[in-house]
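Visitor: I have a structure here, written as structure tokens, and I will follow up with some questions on it.
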Amino acid sequence: MIPFKISLQCIETERMPLSPSQKRYLRSLAHDLHPVILLGAKGATEAVVKELDLALSHHELVKVKLSGGDKEEREEQIRILLEGTSAENVQQIGHTVVLFRRNQDDPRLALPR
């Protein structure tokens with residue numbers, strides 16, 4: 001379990017649910033990506049959430065390598081990352097999760113309808 005509570009304020013962005021075709025498209029784009037954020041032994045800390053927020057603002061689509069642990073611990077890490085950044089979970093395979101958040105000022109990826 002994660003021994004602290006994140007005190008970050010969520011960024012006020014509209015969370016748009018992704019359609020199945022949009023998720024499929026984003027998964028195809030994420031296939032060749034390398035993890036940008038690597039979680040260490042401490043898991044999802046405030047510093048990691050801030051770095052992920054910056055990475056999402058710049059790239060929109062980010063691959064994150066989760067730290068070791070059981071399935072419940074990884075799900076808790078993903079929940080903290082999603083709540084702290086207002087991102088959408090595109091895909092999770094094992095210890096790797098792909099997150100997406102649209103940059104409202106300068107969108108980089110054109111999503112299909």
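If you read the sequence shown in full-length UniProt numbering, its first letter stands for residue 1, the second for the next number, and so on. We put the beta carbon where it would ideally sit given N, CA and C, even for glycine.
#1: To the nearest angstrom, how far is it from the Cα of Arg-27 to the Cα of Lys-63?
#2: Leaving aside the five residues before and after Thr-45 along the sequence, list all residues of the same chain whose C-beta is less than 7 Å from its C-beta, in chain order.
#3: Is it buried or exposed, Glu-60, if we count other Cβ atoms within 10 angstroms and call 16 or more buried?
#4: Given that a residue counts as buried once 16 or more other Cβ atoms are within 10 Å of its Cβ, and exposed if not, what is Gly-68?
#5: Can you list the beta strand (DSSP E) stretches of 3 or more residues lying completely in the UniProt domain "CRM" (16-112), in chain order?
#6: Among the residues of its own chain, which have a CB less than 7 Å from the CB of Gly-40, if the five just before and after it don't count?
#7: With a CB to CB cut of under 6 Å and the five nearest residues on each side skipped, what residues in its chain are close to Val-98?
#8: If you draw a straight line from the C-alpha of Asp-106 to the C-alpha of Asp-32, how long is it?
#9: Only counting the same chain, and skipping five residues up and downstream in sequence, which positions put a Cβ closer than 8 Å to that of Arg-81?
Guide: Working from what's here:
#1: In this structure, the CA atom of Arg-27 is about 10 Å from the CA atom of Lys-63.
#2: Around Thr-45: no qualifying Cβ.
#3: With a 10 Å radius around the Cβ and a threshold of 16 neighbouring Cβ atoms, Glu-60 comes out buried.
#4: Around the beta carbon of Gly-68, fewer than 16 other beta carbons sit within 10 angstroms, so the residue counts as exposed.
#5: Here the runs fully enclosed are 61-65, 88-93, 96-100.
#6: Taken in chain order, the residues that qualify are Ser-67.
#7: Ala-30, Lys-63, Val-90, Gln-91.
#8: The alpha-carbon atoms of Asp-106 and Asp-32 are separated by roughly 23 Å.
#9: Sequence inspection shows Leu at residue 81; the Arg mentioned does not correspond to that position. These residues qualify, in order along the chain: Ala-44, Val-48, Val-49, Leu-52, Val-64, Ala-87, Val-97, Leu-99.
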